[in-house]
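2 protein chains.
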Amino acid sequence: MSLEGVRALVFDVFGTVVDWRSGVAREAAPFLARHGSAADPAAFADAWRRRYQPAMEEVRSGRRPFTRLDVLHRENLEAVLPDAGIDPARVPPAELDALNLAWHRLDPWPDAVAGLTRLKARYIIAPLSNGNIILMTDMAKRAGLPWDAILGAEVARAYKPAPEAYLRTAEILAMRPEEVCLVAAHNGDLAAARRCGLRTAFVPRPTEHGPEQRTDLSPDQEWDLVATDFVELAARLGL
Amino acid sequence: MSLEGVRALVFDVFGTVVDWRSGVAREAAPFLARHGSAADPAAFADAWRRRYQPAMEEVRSGRRPFTRLDVLHRENLEAVLPDAGIDPARVPPAELDALNLAWHRLDPWPDAVAGLTRLKARYIIAPLSNGNIILMTDMAKRAGLPWDAILGAEVARAYKPAPEAYLRTAEILAMRPEEVCLVAAHNGDLAAARRCGLRTAFVPRPTEHGPEQRTDLSPDQEWDLVATDFVELAARLGL
Chain A
10 MSLEGVRALV
20 FDVFGTVVDW
30 RSGVAREAAP
40 FLARHGSAAD
50 PAAFADAWRR
60 RYQPAMEEVR
70 SGRRPFTRLD
80 VLHRENLEAV
90 LPDAGIDPAR
100 VPPAELDALN
110 LAWHRLDPWP
120 DAVAGLTRLK
130 ARYIIAPLSN
140 GNIILMTDMA
150 KRAGLPWDAI
160 LGAEVARAYK
170 PAPEAYLRTA
180 EILAMRPEEV
190 CLVAAHNGDL
200 AAARRCGLRT
210 AFVPRPTEHG
220 PEQRTDLSPD
230 QEWDLVATDF
240 VELAARLGL
Chain B
10 MSLEGVRALV
20 FDVFGTVVDW
30 RSGVAREAAP
40 FLARHGSAAD
50 PAAFADAWRR
60 RYQPAMEEVR
70 SGRRPFTRLD
80 VLHRENLEAV
90 LPDAGIDPAR
100 VPPAELDALN
110 LAWHRLDPWP
120 DAVAGLTRLK
130 ARYIIAPLSN
140 GNIILMTDMA
150 KRAGLPWDAI
160 LGAEVARAYK
170 PAPEAYLRTA
180 EILAMRPEEV
190 CLVAAHNGDL
200 AAARRCGLRT
210 AFVPRPTEHG
220 PEQRTDLSPD
230 QEWDLVATDF
240 VELAARLGL
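The listed protein sequences correspond, in order, to chains A and B.
Here the first sequence is numbered in the numbering used here, starting from 10 and rising by one per residue.
Here the second sequence is numbered in the numbering used here, starting from 10 and rising by one per residue.
#1: CA-CA distance, residue 17 of chain A and residue 56 of chain A?
#2: Anything in chain B within Cβ reach of residue 182 of chain A, meaning under 9 Å, just list it in chain order.
#3: If you draw a straight line from the C-alpha of residue 162 of chain A to the C-alpha of residue 221 of chain B, how long is it?
#4: In the region 161-176 of chain B, which residues sit with their C-beta less than 8 Å from some C-beta in chain A, listed in chain order?
#5: Would you decide whether residue 66 of chain B is buried or exposed? Buried here means 16 or more other CB atoms lie within 10 Å of its CB.
#6: Short of 6 Å in beta carbon distance, which residues of its chain neighbour residue 152 of chain B, apart from the five on each side in sequence? Order them along the chain.
#7: For the putative contact between residue 176 of chain B and residue 210 of chain B, defined by C-beta atoms under 8 Å, what is the C-beta separation to the nearest angstrom?
#8: Can you tell me whether residue 247 of chain B is buried or exposed, with buried defined as 16 or more other CB within 10 angstroms of its CB?
#9: Name the one or two DSSP bridge partners that residue 138 of chain A has.
#10: Would you mind telling me which residues of chain A sit closer than 8 Å to residue 152 of chain B, beta carbon to beta carbon, in chain order?
#11: I'd like the list of long-range same chain contacts for residue 160 of chain B, defined as Cβ closer than 7 Å, with 5 residues on each side in sequence excluded.
#12: Taking residue 242 of chain B as the reference, which of B/228, B/124 and B/73 has the closest Cα?
#13: According to DSSP, is residue 149 of chain A part of a helix, a strand, or is it coil?
#14: Near residue 92 of chain A, which residues of its chain fall below 7 Å by C-beta distance, leaving aside the five closest residues on each side in sequence?
#15: Look at the alpha carbon of residue 75 of chain B and the alpha carbon of residue 49 of chain A, and state the distance between them as a whole number of angstroms.
#16: Could you tell me which residues DSSP pairs with residue 18 of chain B in its beta bridges?
#17: The region 61-95 of chain A: which residues have C-beta closer than 9 Å to a C-beta of chain B, in chain order?
#18: Can you find a C-beta in chain A that's less than 8 Å from the C-beta of residue 157 of chain B?
#19: Check residue 209 of chain B in the structure and name its three-state DSSP category.
#20: Does any residue of chain B have a CB that is nearer than 8 Å to the CB of residue 149 of chain A?
#21: Would you check if the distance between the CB atom of residue 105 of chain A and the CB atom of residue 87 of chain A is smaller than 8 Å?
#22: Can you give the Cα-Cα distance for residue 37 of chain B and residue 231 of chain A, rounded to whole angstroms?
#23: Buried or exposed: which applies to residue 28 of chain A, given that a residue is buried once 16 or more other Cβ atoms fall within 10 Å of its Cβ?
#24: Considering only the alpha carbon of each residue, which of A/108, A/70, A/69 and A/71 lies closest to residue 85 of chain A?
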């Protein structure tokens, strides 16, 4: 297994680089308490996240023009609050806006910054996330993620796993698809990238969905590279 | 003069952050010599650059769909070579491609990296250049420019000084125009940004066009801030 000929590593971010569940729960906890909700913050994070794919599917299907993720997250927040016993119409919009920025303040997995810093010595490194540019930029600045550029859905104007998200990213990099490797904790994302000709590296994140996680614990295809974390990924590449 | 309320500094790049004329001349010199041209490398850089605005005007006018700058530079190279006594049809395309990457390998002005590094402590910093994403990314990686994100024409799908280039950049940053400040060595760029509501900082680069430069030596409006270089700009902002 090697990545010969690869010049750019692009990364899934939610789950692969950052721990979205803990971060959203941490930010939601004081909000829920303040509004008298008994909802468990981690369960609230899961519920908010469950609306993520259906919201993007509206765009992928063409039923809705491209809309950036901050807007979808904000709509999804209003949709999920009643399940936590909170009427969004009774919360000041500025407070909802502030909670929506939870997604900008997620912590990286412990190996992420060190691994990315090593990988950056040889490769162009960039997010290929469904998160929008300012979300990724705020997150990187807070967490010290040393990206060379911010790529992803808003730049490609397409949400993964639509082929355009991968192919336009390679085109923007002025590279052939096989010169670009997607690093992700999700087999489905890697499968879509491989169908477009990208190389693939799997880094499992077995607690992304909490201690009971059953999905994406192991590779379901022979990906070009498999590593336990980003530091091992760098070491496997001789960095 | 201050920039109160500003959260992002966006930068013109060619001329403001990097010395394009010296860099292109340095890269063109061995090419010209190899092909028996007696053209002066700096004059060749000027001639190549003179075709920059007309090429973008084809896009701004709507006569041509958005086309990234690497492609325009490559076309302009073929157009300008005959004036240097070189028939582009007799040069291997890979050699023209390589020379076209001269624009990816420009050196920053001596104060640029130090100034940007200080400014980054408080502001989101990003290029708002007509250069495309991979051009800006390659340049930053080689030169150590510590951008938080790569913005500009390819992300906004519009070439400066079209208003969309500035307004879409603010929208992508999820900021009001007055929360964004353009830093540029060109009065015309700043004037266009101001018409869109952005704040403005002028940093003259009196040798961008060589020792005989007559343009943009001083501010022609009361810009929000004027500084001699990026380190002074940082100092003026208390950084």
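The C-beta atom is built at its ideal place from N, Cα and C for all residues, glycine as well.
From the atom records:
#1: 34 Å
#2: 142, 143 and 146
#3: 45 Å
#4: 163 and 164
#5: With fewer than 16 other Cβ atoms within 10 Å, it is exposed.
#6: 117
#7: So it is not a contact: roughly 18 Å between Cβ atoms.
#8: Here residue 247 of chain B is exposed. Its C-beta has fewer than 16 other C-beta atoms within 10 Å.
#9: DSSP output for residue 138 of chain A lists A/161 as bridge partner(s).
#10: The premise fails here: residue 152 of chain B is roughly 12 Å from chain A at the closest Cβ pair, so nothing lies under 8 Å.
#11: Scanning its chain for C-beta atoms nearer than 7 Å, with the 5 sequence neighbours on each side dropped, one finds around residue 160 of chain B the residues 19, 135, 136, 137, 178 and 181, in chain order.
#12: B/124
#13: helix
#14: Close CB contacts of residue 92 of chain A within its chain, under the 7 Å cut and outside five residues either way in sequence, are with 56 (chain order).
#15: 48 Å
#16: B/134 and B/190
#17: 77 and 79
#18: yes
#19: Note: residue 209 of chain B maps to strand in three-state DSSP.
#20: yes
#21: In contact: residue 105 of chain A and residue 87 of chain A (Cβ atoms closer than 8 Å).
#22: Each residue's Cα considered, the two are about 45 Å apart.
#23: Residue environment for residue 28 of chain A: buried (at least 16 other C-beta atoms within 10 angstroms of its C-beta).
#24: A/108
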